[in-house]
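UniProt numbering applies: residue 1 is where the sequence shown begins, and numbers increase by one. Data first, discussion second: the structure below is written as structure tokens.
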Amino acid sequence: MTRRIDGKRLLVASHNKGKIGELEFLLGGLPIELVTAGELGLPEPEETGTTFVENARIKALAAATAAGEVALSDDSGLCVEALDGAPGVYTADWAGPDRDWDRAMRLVEEELQKVDARAPEQRKAKFVSLLCLAWPDGHTQEYLGEREGTLVWPPRRGPIAFGYDPVFVPDGESRTFGEMTAEEKHGSIWHAPGPLSHRARSVKELVEGAFPPGTKP
């Protein structure tokens with residue numbers, strides 16, 4: 001049975017500053033207070049799943065159980081067609097323990113060169129954002145957002161880029177996510193043509209499916 005968020009506070013089960021910043025931007029203006037796992041001193045659980053859904057559930061349930069309140073997690077990643085979907089759920093791992101995203105982008109490019117993927121049609125990829133809401137009693141709900149595009153090299157970045165944004169050009173655009181402002185990257189959640197980023201799309205599904213009817217910023 002689908003549940004609605006009926007409280008005034010939502011726990012974001014993440015320690016990733018870039019991800020938290022995007023969720024705060026996307027959920028800003030909604031009648032709910034966001035608090036993070038880091039602010040509550042909650043530990044980061046080991047992500048042992050092999051799918052975005054499994055890892056999102058692990059994080060959301062760990063936070064909901066520890067804090068005794070509804071928690072929201074995001075498991076996201078870059079899936080490259082020529083690399084059989086890699087790095088996928090291991091997207092952050094490719095950045096190493098220090099989360100060196102320049103290293104991660106370079107590794108992706110090196111792997112593409114190994115399979116001689118040079119033409120744009122050989123460099124198709126998609127970003128995935130899987131949001132999970134979890135309640136302390138173990139109930140969970142998931143919301144999926146995806147965005148297709150093409151990988152470029154070298155990276156092209158602007159002032160707010162993080163992760164693999166500087167090498168990802170979404171379909172229908174000429175700039176990378178890394179060259180866009182937050183408003184340009186995420187688009188309008190509530191009005192046509194709709195969300196541009198994968199995370200904006202999953203947040204739209206979340207708000208429409210789990211917040212009280214008619215909720216908007």
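We treat Cβ as the ideally placed atom computed from N, Cα and C, and that holds for glycine.
Burial state of residue i (16 or more Cβ within 10 Å)
i, result
"Lys8", "exposed"
"Pro97", "exposed"
"Leu40", "exposed"
"Gly29", "exposed"
"Lys17", "exposed"
"Arg4", "exposed"
"Met1", "exposed"
"Asp116", "exposed"
"Gly194", "exposed"
"Gly187", "buried"
Element boundaries [beta strand (DSSP E), containing residue i]
i, result
"Val169", "168-170"
"Phe127", "124-134"
"Glu148", "140-151"
"Ala95", "Note, Ala95: premise wrong, no beta strand (DSSP E); not H, not E."
"Thr36", "33-36"
"Arg9", "9-12"
"Ala62", "Ala62 -> not in any beta strand (DSSP E); alpha helix (DSSP H) instead, spanning 52-67."
"Ala86", "Neither: Ala86 is in no beta strand (DSSP E) and is coded neither H nor E."
Rounded Cβ spacing between residue i and residue j (contact assumed at less than 8 angstroms)
i, j, result
"Cys132", "Glu146", "About 16 angstroms; that fails the 8 angstroms criterion."
"Gly149", "Phe168", "5 angstroms"
Residues near residue i in its chain [Cβ-Cβ closer than 8 angstroms; skip 5 each side]
i, result
"Ala64", "Leu11, Ala13, Val70, Ala71, Ala134, Trp135, Pro136"
Alpha helix (DSSP H) segment containing residue i, residue limits
i, result
"Arg201", "198-210"
Sequence-distant residues of its chain with Cβ nearer than 7 angstroms to residue i (five each side left out)
i, result
"Lys19", "Asp74"
* Just checking, does the stretch 112-132 make contact with the stretch 64-81 on the three C-beta pairs under 8 angstroms criterion? -> yes
* Is the number of C-beta pairs between the stretch 27-45 and the stretch 111-121 that are closer than 8 angstroms three or more? -> no
* Okay, do the stretch 9-28 and the stretch 57-70 touch, 3+ Cβ pairs below 8 angstroms being the bar? -> yes
* At least three beta-carbon pairs within less than 8 angstroms, the stretch 100-108 to the stretch 173-188 -> no
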